[in-house]
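*Asks:* Numbering (this note's numbering), first residue to last: 3 to 54.
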């Protein structure tokens, strides 16, 4: 169910985050600023909270 709520970008960010990569590393892989990664993870956390 969570996968339906997440954008493709958010799914990629979450997968890398769960692998233990830092915001900086994820940003480099996805060619985004680390702040974009932080924002995506905040959105993901909010979506998970709404599911509860």
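The C-beta atom is built at its ideal place from N, Cα and C for all residues, glycine as well.
In whole angstroms, what is the alpha-carbon distance linking residue 28 and residue 52?
*Replies:* For the purposes of this step, residue 28 is taken as residue 26 along the chain shown, with counting starting at 1. For the purposes of this step, residue 52 is taken as residue 50 along the chain shown, with counting starting at 1. Distance between the alpha carbons of residue 28 and residue 52 is about 25 angstroms.
*Asks:* Is it true that the CB of residue 39 sits closer than 8 angstroms to the CB of residue 16?
*Replies:* By one-based count along the chain shown, residue 16 stands at place 14. By one-based count along the chain shown, residue 39 stands at place 37. No, these two residues do not count as a Cβ contact at 8 angstroms.
*Asks:* Looking at the unbroken alpha helix (DSSP H) that takes in residue 54, where does it start and where does it end?
*Replies:* For this step, residue 54 is matched to residue 52 along the chain shown. Segment: none, residue 54 is in no alpha helix (DSSP H) and carries neither H nor E.
*Asks:* In angstroms with no decimal places, state the Cα-to-Cα distance between residue 18 and residue 10.
*Replies:* Reading the chain shown from its first residue, position 16 is the one you call residue 18. Reading the chain shown from its first residue, position 8 is the one you call residue 10. Between residue 18 and residue 10, the C-alpha separation is close to 13 angstroms.
*Asks:* Measure how close the beta-carbons of residue 14 and residue 43 come, nearest whole angstrom, since I'm counting them as under 8 angstroms.
*Replies:* In the chain shown, residue 14 corresponds to position 12, counting from 1. In the chain shown, residue 43 corresponds to position 41, counting from 1. About 12 angstroms separates the two Cβ atoms, so there is no contact after all.
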